Amino acid sequence: MMNAWERIQPILEKSLKPGIFQLWIKPLKGEYHQDSNRLVLEAPNDFIASWVKDKLEDAVLSSGMEVLGKKPELAITSPDNNCKTSPLKVGRMVNPEEKPALPSRKALKIVSGFKFFFRDFVVGPCNELAYVASKSFCSERISSDQLFLCSSTGLGKTHLAQSMGNHLAEISNTKNIRMAYLTAEEFASQLVMALKSRRMDEFKARFRDQIDVLMLEDIHFFQGKENIQNEFLSTINSLQCQGKKVVLTSTFLPKELKDIDSNIVSRMCRGFLAVIERPDLQTRREIIKNKAASMQIDVPDEVTDFLAGKIQQDIGQLESCLQNLVFKARMLKEKISLELANQVIKHFDVQEHSLSMDDIINQVCKLFDVSLDSISSKSRKKQYVLARNVAFFVARRHTEASLKEIGYKLNRRHSTVIKGITSVEKELSRQSPLGRQLEQTISQIVS
Numbered sequence: 002m003m004n005a006w007e008r009i010q011p012i013l014e015k016s017l018k019p020g021i022f023q024l025w026i027k028p029l030k031g032e033y034h035q036d037s038n039r040l041v042l043e044a045p046n047d048f049i050a051s052w053v054k055d056k057l058e059d060a061v062l063s064s065g066m067e068v069l070g071k072k073p074e075l076a077i078t079s080p081d082n083n084c085k086t087s088p089l090k091v092g093r094m095v096n097p098e099e100k101p102a103l104p105s106r107k108a109l110k111i112v113s114g115f116k117f118f119f120r121d122f123v124v125g126p127c128n129e130l131a132y133v134a135s136k137s138f139c140s141e142r143i144s145s146d147q148l149f150l151c152s153s154t155g156l157g158k159t160h161l162a163q164s165m166g167n168h169l170a171e172i173s174n175t176k177n178i179r180m181a182y183l184t185a186e187e188f189a190s191q192l193v194m195a196l197k198s199r200r201m202d203e204f205k206a207r208f209r210d211q212i213d214v215l216m217l218e219d220i221h222f223f224q225g226k227e228n229i230q231n232e233f234l235s236t237i238n239s240l241q242c243q244g245k246k247v248v249l250t251s252t253f254l255p256k257e258l259k260d261i262d263s264n265i266v267s268r269m270c271r272g273f274l275a276v277i278e279r280p281d282l283q284t285r286r287e288i289i290k291n292k293a294a295s296m297q298i299d300v301p302d303e304v305t306d307f308l309a310g311k312i313q314q315d316i317g318q319l320e321s322c323l324q325n326l327v328f329k330a331r332m333l334k335e336k337i338s339l340e341l342a343n344q345v346i347k348h349f350d351v352q353e354h355s356l357s358m359d360d361i362i363n364q365v366c367k368l369f370d371v372s373l374d375s376i377s378s379k380s381r382k383k384q385y386v387l388a389r390n391v392a393f394f395v396a397r398r399h400t401e402a403s404l405k406e407i408g409y410k411l412n413r414r415h416s417t418v419i420k421g422i423t424s425v426e427k428e429l430s431r432q433s434p435l436g437r438q439l440e441q442t443i444s445q446i447v448s
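FYI, in the numbering used here the residues of the sequence shown are 2 to 448.
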């Protein structure tokens, strides 16, 4: 027998716009308590819970009354609300002699743990320069002691950075190369911990004297963090004065970064800079064939062409789509076919046509149920901020507009655009409940 929420949903589906229902109602779980006339809905995260409460409460109550014969009391919860951390205990004096332990050197991901290799990297016109520069950097055929890799999310900069790590790890047996590989956020966290525990000497020794190669991902995290920037600049200056090497990656070019010390930008521009562009159709085909070969499966050419034609922006998504297709075929004990590929690809970021900034903004306003005036205003309301950030992210990936042009459309500085894009990327990469919700939203915008 269908429970009350299962009977309420079809009524909501008829009364709401399809996009609104799919994004905000479909993810909810519901339970009706007859004795207290209480309808309890659980959202995947706090944002969806508050959005439904603000925007759709009346619609839910009206549909509930239609099914139940009376208006229920509505409660909307989320794991974010249910899992509050215990309060921090304060009041204990810390003995100056007591120094909290710094993380062990393992936290720096030294040498081990790299997932990617050069041999798995598919080279095409879009990434050939970055590939050659990365290999040359390892073998010292490039004179620069610094390499800066730049690309949008999912195009291979982490693959190349970790491939360098693996290559250097292989030759370290004979040359004793010491590496530190971490994100800019991890570097900042370790710096803050060192400051709090009064162990800056250990921190400086670790990053300046005890390594030969520093590899830092996502350096745009340093924007607006002046003290951390000062230590970062001192660190890379010290390393390079000793003839050591630095590899940096970012979603943005040095000239696009804002609230970054001009000396750091200048230092970044002195090294070798390689940009990875979006892969062309032939490169996307080769990526699918390469992944299929590594999985020891046969993918028909028509399926390869179909996937390569549909997923254009993100190599990670292209590979994930293929993995999902293979898994589904095995579960159903069917051959990989166009029909099956069509079913799987619905869940991925597929661009059917070219998008303009106006297209993107209109879709964002529609899906988040906000007005253009609202997301262009100075309001910091959570719903408006998230809608703006999604618009920034999609425009960056699916149009040729510059950061300045994207910001102008929504009355924002381009430093705000960068922060918004970074925020969305972080949620997507963490695969948090909000990240998964954003994935669906972005897919609807571009399809």
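Just so it is clear, CB atoms sit at the ideal spot from N, CA and C, and this is done for glycine as well.
Note that the structure is a prediction, hence the values are computed from the model and not measured.
Do residue j and residue i have their beta-carbon atoms positioned less than 7 angstroms apart in this structure?
{"i": "I288", "j": "L319", "result": "yes"}
{"i": "E411", "j": "S377", "result": "Here the sequence assigns Leu to residue 411, which means Glu is not the residue at that position. Closer than 7 angstroms, so yes."}
{"i": "E14", "j": "F22", "result": "yes"}
{"i": "M358", "j": "A388", "result": "no"}
{"i": "A185", "j": "A275", "result": "no"}
{"i": "I9", "j": "V68", "result": "yes"}
{"i": "Q364", "j": "I446", "result": "yes"}
{"i": "G125", "j": "P11", "result": "no"}
{"i": "I229", "j": "L282", "result": "no"}
{"i": "T1", "j": "R199", "result": "A question about residue 1 goes unanswered here, because the residues of the chain that appear run from 2 up to 448."}
{"i": "H54", "j": "D146", "result": "Note that residue 54 corresponds to Lys in the displayed sequence, not to His. No; because the gap between Cβ atoms is not below 7 angstroms, this pair is not in contact."}
{"i": "G157", "j": "N128", "result": "yes"}
{"i": "A402", "j": "I277", "result": "no"}
{"i": "P255", "j": "V248", "result": "no"}
Since residue i is in the alpha helix (DSSP H), which residue starts that stretch and which ends it?
{"i": "C322", "result": "I316 to L333"}
{"i": "T154", "result": "Here T154 belongs to no alpha helix (DSSP H), and DSSP marks it neither H nor E."}
{"i": "L1", "result": "No statement about residue 1 is possible, as the shown extent of the chain runs from 2 to 448 and does not include it."}
{"i": "S430", "result": "H415 to R431"}
{"i": "S198", "result": "Premise fails: S198 is in no alpha helix (DSSP H) and is neither H nor E."}
{"i": "H399", "result": "K383 to H399"}
{"i": "M296", "result": "Premise fails: M296 is in no alpha helix (DSSP H) and is neither H nor E."}
{"i": "Q257", "result": "The question names Gln, yet the displayed sequence has Glu at residue 257. No alpha helix (DSSP H) holds E257; DSSP gives it neither H nor E."}
{"i": "D374", "result": "L373 to S377"}
{"i": "P11", "result": "A5 to S16"}
I'd like the list of long-range same chain contacts for residue i, defined as Cβ closer than 6 angstroms, with 5 residues on each side in sequence excluded.
{"i": "F394", "result": "I422 and V425"}
{"i": "G436", "result": "E428 and L429"}
{"i": "A102", "result": "Any reading at A102 needs caution, since the residue's pLDDT is 44, under 50, leaving its predicted position unreliable; the model's value is listed next. Closer than 6 angstroms at Cβ, skipping near neighbours: no residue."}
{"i": "F117", "result": "H160, Q163 and S164"}
{"i": "R268", "result": "none"}
{"i": "I362", "result": "A392"}
{"i": "W6", "result": "G31"}
{"i": "E99", "result": "Residue confidence is low: E99 scores 41 on pLDDT, short of 50, so the model does not pin down where it sits. Its coordinate-derived value is still stated next. Answer for E99: no residue qualifies."}
{"i": "S380", "result": "none"}
{"i": "E218", "result": "T184 and T250"}
Kindly list the residues whose CB is nearer than 7 angstroms to the CB of residue i, restricted to its own chain and excluding five residues on each side of it in sequence; keep chain order.
{"i": "S113", "result": "Summary for S113: the model assigns pLDDT 48, below 50, so the residue's position carries little reliability, and this model does not support an answer."}
{"i": "L439", "result": "V391, V425, E428 and L429"}
{"i": "L169", "result": "C139, I178, M180 and V214"}
{"i": "T417", "result": "G408"}
So the beta strand (DSSP E) residue i belongs to, where does it begin and stop?
{"i": "I77", "result": "E74 to T78"}
{"i": "L404", "result": "It is not in any beta strand (DSSP E) - L404 instead sits in the alpha helix (DSSP H) that spans L404 to K410."}
{"i": "F273", "result": "F273 to V276"}
{"i": "R39", "result": "R39 to E43"}
{"i": "T305", "result": "Counting along the chain, T305 falls outside any beta strand (DSSP E), though it belongs to the alpha helix (DSSP H) covering D302 to K311."}
{"i": "L249", "result": "K246 to S251"}
{"i": "V351", "result": "Where V351 is concerned, there is no enclosing beta strand (DSSP E), given that its DSSP letter is neither H nor E."}
{"i": "L30", "result": "Residue 30 is actually Lys in this sequence, not Leu. K30 to H34 is the span of the beta strand (DSSP E), which, as asked, contains K30."}
{"i": "A181", "result": "M180 to T184"}
{"i": "L217", "result": "V214 to E218"}
For the putative contact between residue i and residue j, defined by C-beta atoms under 8 angstroms, what is the C-beta separation to the nearest angstrom?
{"i": "V345", "j": "N325", "result": "5 angstroms"}
{"i": "H399", "j": "Q314", "result": "7 angstroms"}
{"i": "G272", "j": "F149", "result": "6 angstroms"}
{"i": "L24", "j": "Q441", "result": "6 angstroms"}
{"i": "K56", "j": "D374", "result": "In fact, because the Cβ distance is near 17 angstroms, the residues do not count as touching under 8 angstroms."}
Does the beta-carbon of residue i, which I'm using as the reference point, lie nearer than 6 angstroms to any heavy atom of the ligand NAD?
{"i": "K246", "result": "Of the ligands one can find in the structure shown there are none, so the ligand NAD has no counterpart to examine."}
Once the 5 residues before and after residue i are set aside, which same chain residues still bring their CB inside 8 angstroms of it?
{"i": "K71", "result": "N38"}
{"i": "M201", "result": "A195"}
{"i": "I337", "result": "I298, D299, V300, P301, V304, L326, V327 and A330"}
{"i": "F253", "result": "C151, H221, L404 and I419"}
{"i": "N231", "result": "D262"}
Exercise. Report yes or no: do three or more beta-carbon pairs, one from the region 52–70 and one from the region 33–42, lie closer than 8 angstroms?
Key: Yes: the two stretches touch, three or more of their Cβ pairs being nearer than 8 angstroms.
Quiz item: Counting Cβ pairs, one atom from each stretch, are 3 or more of them under 8 angstroms apart for the region 148–167 and the region 289–302?
Solution: no
Self-check item: Given 8 angstroms, three or more beta-carbon pairs between the region 209–218 and the region 235–242
Solution: yes
Quiz item: So does the region 299–309 actually touch the region 331–350, counting three or more Cβ pairs closer than 8 angstroms?
Solution: yes
Quiz prompt | Cβ contact check for the region 180–192 and the region 327–342: 3 or more pairs under 8 angstroms | solution = no
Quiz item: Does the pairing of the region 49–59 with the region 67–80 give three or more beta-carbon distances under 8 angstroms?
Solution: yes
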